[in-house]
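What follows is a set of notes on a single structure, which appears directly below.
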């Protein structure tokens with residue numbers, strides 16, 4: 001008998017005839033992991049949340065059965081169903097920083113669920129918290145219990161979340177994108193922890209993810225969701241190796257691959273940065289004192305040739321984005337930056353403005369990178385207003401329309417507003433906004449990280465095509481090694497603001513010189529890389 | 544009101560959906576527009592006079608009594624039965640519905656002032672024999688105009704200061720914040736009382752004094768919005784394009800900060816009206832003789848045997864402030880993103 005069984009579950013917002021989750025049936029066995037895979041908006045999270053009665057306001061739900069251990073919880077009272085949450089069913093959310101209450105200490109975060117469900121006394125709760133900390137491989141000390149969420153790292157927060165979910169010995173764990181917000185090396189340890197806990201406690205896990213590589217390694221069963229329906233289910237290995245449904249094949253094909261077009265040897269140098277450093281003020285000490293300044297970028301040098309893509313990889317906090325802002329001269333920095341042999345580091349204000357045209361930027365967040373109150377046309381032609389004052393409105397509109405078409409947007413886009421576009425389309429708009437001034441260098445700061453895999457692939461294709469046609473140079477910043485490999489000629493690995501390793505992409509991937517680089521690659525591809533030797537080329541998905 | 548931008552359109556629809564707020568705003572605007580033309584509603588001069596085949600407009604220009612065959616070189620007093628008779632002999636007069644201006648004293652009262660409501664003075668007269676209804680109409684106009692000017696000017700100053708503080712941050716922001724904190728802790732009412740004791744404040748001086756102390760309301764709000772906005776990626780992208788700082792401030796950041804600001808405006812307007820009324824009530828506001836609601840309230844308190852004074856001033860104030868609060872609530876709800884998300888779902 002399965003632990004959790006859903007039968008014909010539907011969820012809708014406006015009208016039952018237009019469900020966002022459409023007659024979904026699935027089951028999770030004790031001690032097994034079922035992965036629910038799909039792109040954003042496919043209804044994965046809604047499916048899980050409807051088990052917990054945690055649907056957003058205005059959502060309707062209907063199901064033939066939601067069974068837990070053979071009992072149909074739909075027949076239970078609301079109060080009894082509420083006791084499931086944090087009791088028999090534990091939940092881990094994606095973003096540990098927002099899922100933890102910033103004003104509660106670790107002890108209270110974990111202890112609250114114990115108090116509500118088991119009604120233990122203070123000392124008993126504390127003992128239980130310490131045991132849980134030990135189980136999630138955190139230091140089981142009083143000091144740890146006294147910390148606030150902001151004093152923990154991302155991985156530690158996620159461990160606290162797991163401890164909270166396990167507090168009442170649940171039979172089922174719902175993990176909603178549990179590692180998406182974490183760095184690759186930490187993802188690995190968190191998932192291994194979950195696997196260990198699963199074995200020890202015979203947990204059933206419902207794992208929600210968009211990452212097929214991760215699913216391939218950790219799930220026993222996979223259910224693929226597309227537009228609210230489950231299009232395919234099966235054992236992980238069989239399903240990933242022989243996908244029956246077109247959509248599954250489409251998802252698998254969307255894993256980034258391919259290589260950049262090779263570069264001619266005589267390509268001239270476009271950007272040259274020497275001994276670039278950015279430091280932030282240290283934390284306050286007392287009334288007037290300050291701690292040592294924090295070096296976000298530390299003595300970093302790089303060169304970029306025309307038509308070349310330099311991939312910058314590193315985990316969060318390694319100074320990648322700070323590097324981008326420093327190169328763009330948007331934050332103060334020390335060191336030399338030369339673009340087209342023109343030193344930029346001494347220019348400022350009006351003298352710098354004409355040079356900005358040569359160097360543009362695309363950011364990560366497709367929602368934050370466009371002003372919601374400006375039409376797309378107005379957002380894109382802003383660069384023309386600054387750098388081509390001689391153009392009149394009709395000429396600007398003409399150029400904007402041509403460029404919007406070139407980046408693959410519908411012809412009428414210019415009159416519409418950002419909220420009418422999807423994440424991938426918004427990223428195309430941001431690319432158009434940067435390209436309208438015909439720059440030589442485009443700095444791409446995690447341009448695909450917020451997008452689904454298949455949309456990612458399209459955006460990467462677009463970027464490659466633009467590079468070919470326009471001879472653009474890219475500085476491509478990402479934490480995703482697979483994406484970087486697909487587009488970069490050369491690679492620069494950053495850690496703590498310094499360059500760890502630097503070289504041709506394939507050379508770095510096949511024969512990393514540094515232990516840190518090796519760890520990153522192993523985490524991304526789940527394979528062992530021998531020191532300086534060729535790695536196991538098998539893709540993670542095929543495991 | 545469409546303006547093309549779908550966000551404004553959506554908010555306008557959300558505002559319309561709140562019927563109480565919408566009708567409150569509509570009613571308030573009707574009353575305000577009527578009071579703007581107070582000279583045509585309540586006046587001691589006729590709107591139009593036809594005399595010996597010629598048209599005269601006493602509302603707009605001054606005519607000596609001799610124009611109509613009278614004796615004096617001074618302005619004609621159309622309420623004088625002698626002048627009225629002269630004009631009516633060879634023409635006619637078109638009077639406003641209320642034949643009193645705010646400072647017209649009714650000398651023909653049969654009872655001592657304050658006189659109770661009658662067919663002649665619909666809401667009675669005050670203790671100087673002036674028509675209460677006329678004073679209410681002019682007082683309403685003065686209060687709202689004063690409040691509007693104060694709200695707009697103090698908002699503009701507050702938004703500019705808050706925007707600069709939020710955009711530049713650092714020391715500029717820090718010293719600005721400390722200054723605002725010190726400045727806003729001054730007791731404004733007492734300061735105005737002290738100042739009024741050596742200058743007699745007129746409409747504009749009073750406005751200036753109040754402006755000195757009321758521009759801080761929006762500073763914190765706008766500052767917080769700009770602090771949030773300045774690190775948003777579209778602002779960074781505009782900086783990378785080389786867009787000038789004023790353009791970034793006013794095209795990219797201000798429209799997004801205005802949502803929070805607009806929400807506050809009806810309440811700022813209310814506070815301004817209340818402040819002026821309370822100053823007038825204690826006698827330190829507008830110069831004596833001005834048609835003011837506060838002064839009428841003060842008279843009501845001094846003449847408890849004449850309840851029509853206090854009652855009419857109270858009802859006028861209560862209606863005006865309630866309408867503004869209802870409209871303000873509707874504006875606030877219309878701008879609340881959670882609200883219109885719900886209605887879209």
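Protein chains in written order, with my numbering: chain A, 1 to 543; chain B, 544 to 888. Virtual Cβ for every residue (Gly too), placed ideally from N, Cα, C. Note that the structure is a prediction, hence the values are computed from the model and not measured.
Any idea which residues DSSP pairs residue 502 (chain A) with across the strands?
-> On the first chain, position 502 is the one that residue 502 (chain A) refers to. The secondary-structure analysis by DSSP pairs residue 502 (chain A) across a beta bridge with A:492.
Could you have a look at residue 346 (chain A) and say whether DSSP puts it in helix, strand or coil?
-> Taking the first residue of the first chain as 1, we reach residue 346 (chain A) at position 346. Coil at residue 346 (chain A), not helix or strand.
Where residue 440 (chain A) meets chain B, residues with beta-carbon distance less than 8 Å | The sequence position of residue 440 (chain A) within the first chain is 440, counting from 1. Residue 440 (chain A) does not reach chain B, its nearest Cβ partner there being about 14 Å away, counting only Cβ pairs nearer than 8 Å.
Give the residues of chain B in contact with residue 369 (chain A), contact being defined as C-beta atoms less than 9 Å apart.
-> For the purposes of this step, residue 369 (chain A) is taken as the residue at position 369 of the first chain. Listed along chain B are 775, 776, 777, 779, 780, each with a C-beta nearer than 9 Å to that of residue 369 (chain A).
Whole-Å CB distance - residue 271 (chain A) paired with residue 304 (chain A), under 8 Å assumed | Working through the first chain from its first residue, we reach residue 271 (chain A) at position 271. Working through the first chain from its first residue, we reach residue 304 (chain A) at position 304. Here residue 271 (chain A) really is in contact with residue 304 (chain A); their C-beta atoms are around 4 Å apart, less than 8 Å.
Limits of the unbroken alpha helix (DSSP H) element including residue 524 (chain B) = Residue numbering for chain B in the displayed model covers 544 to 888; residue 524 (chain B) lies beyond these limits and cannot be assessed.
Within its chain, find whatever has a CB closer than 7 Å to the CB of residue 64 (chain A); leave out the 5 residues flanking it on each side and keep chain order.
-> Translated into the one-based positions of the first chain, residue 64 (chain A) becomes position 64. Excluding its 5 nearest sequence neighbours in each direction, residue 64 (chain A) has C-beta neighbours in its own chain below 7 Å: 7, 8, listed in chain order.
By Cβ distance below 8 Å, which residues in the same chain neighbour residue 16 (chain A) in space, the five residues on each side in sequence not counted?
-> Here residue 16 (chain A) corresponds to residue number 16 of the first chain, with the count starting at 1. Excluding its 5 nearest sequence neighbours in each direction, residue 16 (chain A) has C-beta neighbours in its own chain below 8 Å: 10, 60, 62, listed in chain order.
Show which residues of chain B have a CB atom less than 7 Å away from the CB atom of residue 330 (chain A).
-> Position 330 of the first chain, counting from 1, holds the residue named residue 330 (chain A). Here the neighbours are 779, 782, 783.
Determine the closest residue to residue 389 (chain A) out of A:419, A:437, A:313, A:452, with distance taken between C-alpha atoms.
-> Numbered from 1 along the first chain, position 389 holds the residue referred to as residue 389 (chain A). Residue 389 (chain A) has its Cα closest to that of A:437, out of A:419, A:437, A:313, A:452.
Scan the region 784-795 of chain B for residues whose Cβ lies nearer than 9 Å to a Cβ of chain A and list them as they occur along the chain.
-> The residues in question are 784, 785, 786, 787, 790, 794, 795.
Work out the CA separation of residue 798 (chain B) and residue 546 (chain B) for me, nearest whole Å.
-> Stepping through the second chain from its first residue, residue 546 (chain B) is reached at position 3. Stepping through the second chain from its first residue, residue 798 (chain B) is reached at position 255. Confidence at residue 546 (chain B) is low in this model, with a pLDDT of 48, below 50, so its placement is unreliable and the value that follows should be read with caution. Residue 546 (chain B) and residue 798 (chain B) have their C-alpha atoms spaced approximately 14 Å apart.
If you measure beta-carbon to beta-carbon, which residues of the region 222-255 of chain A are closer than 7 Å to chain B?
-> Within the region 222-255 of chain A, no residue has a Cβ that lies closer than 7 Å to any Cβ of chain B.
Taking 8 Å as the threshold, find out whether the region 122-140 of chain A comes into contact with the region 158-176 of chain A through three or more Cβ pairs.
-> Between the region 122-140 of chain A and the region 158-176 of chain A, the count of C-beta pairs closer than 8 Å reaches three or more; the two stretches touch.
Around the C-beta of residue 556 (chain B), are 16 or more other C-beta atoms found within 10 angstroms, so that it is buried, or is it exposed?
-> As a position in the second chain, residue 556 (chain B) is number 13, starting the count at 1. Label assigned to residue 556 (chain B): exposed.
Shorter than 9 Å from the beta carbon of residue 813 (chain B) to some beta carbon of chain A?
-> Counting from one through the second chain, the residue named residue 813 (chain B) turns up at place 270. No, because no Cβ of chain A sits closer than 9 Å to the Cβ of residue 813 (chain B).
Cβ-Cβ distance between residue 505 (chain A) and residue 485 (chain A) below 9 Å | Translated into the one-based positions of the first chain, residue 505 (chain A) becomes position 505. Translated into the one-based positions of the first chain, residue 485 (chain A) becomes position 485. Between residue 505 (chain A) and residue 485 (chain A), the C-beta gap is smaller than 9 Å, which places the two residues in contact.
Kindly list the residues whose CB is nearer than 6 Å to the CB of residue 451 (chain A), restricted to its own chain and excluding five residues on each side of it in sequence; keep chain order.
-> The residue given as residue 451 (chain A) occupies position 451 in the first chain. So the qualifying residues of the chain are 423, 424.
Roughly how many whole angstroms lie between the Cα atoms of residue 840 (chain B) and residue 878 (chain B)?
-> Mapped onto the second chain, residue 840 (chain B) falls at position 297. Mapped onto the second chain, residue 878 (chain B) falls at position 335. Spanning the two alpha carbons is a distance of roughly 36 Å.
Straight-line CA distance for residue 605 (chain B) to residue 640 (chain B)?
-> Translated into the one-based positions of the second chain, residue 605 (chain B) becomes position 62. Translated into the one-based positions of the second chain, residue 640 (chain B) becomes position 97. Near 20 Å, if we compare the C-alpha coordinates of residue 640 (chain B) and residue 605 (chain B).
Is residue 550 (chain B) close to chain A, meaning its C-beta is less than 9 Å from at least one C-beta of that chain?
-> On the second chain, position 7 is the one that residue 550 (chain B) refers to. Yes, its Cβ sits closer than 9 Å to a Cβ of chain A.
Beta strand (DSSP E) segments (min. 3 residues) lying fully within the region 812-882 of chain B | Entirely contained in the region 812-882 of chain B, not one beta strand (DSSP E) run reaches 3 residues.
May I ask which residues mark the beginning and end of the alpha helix (DSSP H) holding residue 683 (chain B)?
-> In the second chain, the residue the question calls residue 683 (chain B) occupies position 140. Residue 683 (chain B): member of the alpha helix (DSSP H) spanning 675-711, first to last residue.
Distance between beta carbons of residue 94 (chain A) and residue 181 (chain A), contact taken as under 8 Å = Residue numbering aside, residue 181 (chain A) sits at position 181 when the first chain is read from its first letter. Residue numbering aside, residue 94 (chain A) sits at position 94 when the first chain is read from its first letter. Contact holds; Cβ gap of about 6 Å.
Chain-order list of residues whose beta-carbon lies under 8 Å from that of residue 874 (chain B) (same chain, five-residue window excluded) = Taking the first residue of the second chain as position 1, residue 874 (chain B) is located at position 331. Only 558, 564, 805, 806, 808, 809 meet the Cβ criterion.
For residue 593 (chain B): DSSP bridge partner residues | For the purposes of this step, residue 593 (chain B) is identified with residue 50 of the second chain, where counting begins at 1. Within the DSSP bridge table, the entry for residue 593 (chain B) names B:598, B:635 as partners.
Determine the direct distance from the alpha carbon of residue 306 (chain A) to that of residue 268 (chain A), and round the result to whole angstroms.
-> Taking the first chain and counting its residues from 1, one reaches residue 268 (chain A) at position 268. Taking the first chain and counting its residues from 1, one reaches residue 306 (chain A) at position 306. Residue 268 (chain A) and residue 306 (chain A): Cα-Cα distance of roughly 6 Å.
Check whether residue 773 (chain B) and residue 796 (chain B) have beta carbons under 9 Å apart = The count along the second chain starts at 1 and reaches residue 773 (chain B) at position 230. The count along the second chain starts at 1 and reaches residue 796 (chain B) at position 253. The answer is yes: Cβ separation under 9 Å.
Assign residue 161 (chain A) to one of two classes, buried (16 or more other C-beta atoms within 10 Å of its C-beta) or exposed (fewer than that).
-> Here residue 161 (chain A) is taken as the residue at index 161 of the first chain, counted from 1. Residue 161 (chain A) counts as buried, since at least 16 other C-beta atoms from the protein chains shown sit within 10 angstroms of its C-beta.
Could you work out which residues of chain B lie near residue 383 (chain A), taking near to mean beta carbons separated by less than 9 Å?
-> As a position in the first chain, residue 383 (chain A) is number 383, starting the count at 1. Correct list: 784, 785, 786.
Selection of the region 797-825 of chain B by Cβ proximity to chain A, strictly under 7 Å = Those residues of the region 797-825 of chain B that come within reach of chain A (Cβ to Cβ, closer than 7 Å) are 798, 799.
Terminal residues of the continuous beta strand (DSSP E) containing residue 359 (chain A)?
-> Locating residue 359 (chain A) in the first chain gives position 359, where the first residue counts as 1. Where residue 359 (chain A) is concerned, the enclosing beta strand (DSSP E) stretches over 359-362.
Tell me whether the beta-carbon of residue 748 (chain B) lies closer than 9 Å to the beta-carbon of residue 698 (chain B).
-> As a working note, residue 748 (chain B) is residue 205 in the second chain. As a working note, residue 698 (chain B) is residue 155 in the second chain. With contacts defined by Cβ atoms closer than 9 Å, residue 748 (chain B) and residue 698 (chain B) do not form a contacting pair.
Quick one: residues in its chain with C-beta nearer than 8 Å to the C-beta of residue 495 (chain A), no 5 flanking neighbours on either side, listed in chain order?
-> Taking the first chain and counting its residues from 1, the one referred to as residue 495 (chain A) is at position 495. When the five nearest sequence neighbours on each side are left out, the beta carbons in the same chain lying within less than 8 Å of the beta carbon of residue 495 (chain A) are those of 314, 315, 318, 516, in order along the chain.
Three-state secondary structure (DSSP) of residue 175 (chain A) | For the purposes of this step, residue 175 (chain A) is identified with residue 175 of the first chain, where counting begins at 1. Three-state result, residue 175 (chain A): strand.
Are there 16 or more other CB atoms within 10 angstroms of the CB of residue 78 (chain A), so buried, or fewer, so exposed?
-> Taking the first residue of the first chain as position 1, residue 78 (chain A) is located at position 78. Taking all protein chains shown into account, residue 78 (chain A) has fewer than 16 neighbouring C-beta atoms within 10 Å of its C-beta and is therefore exposed.
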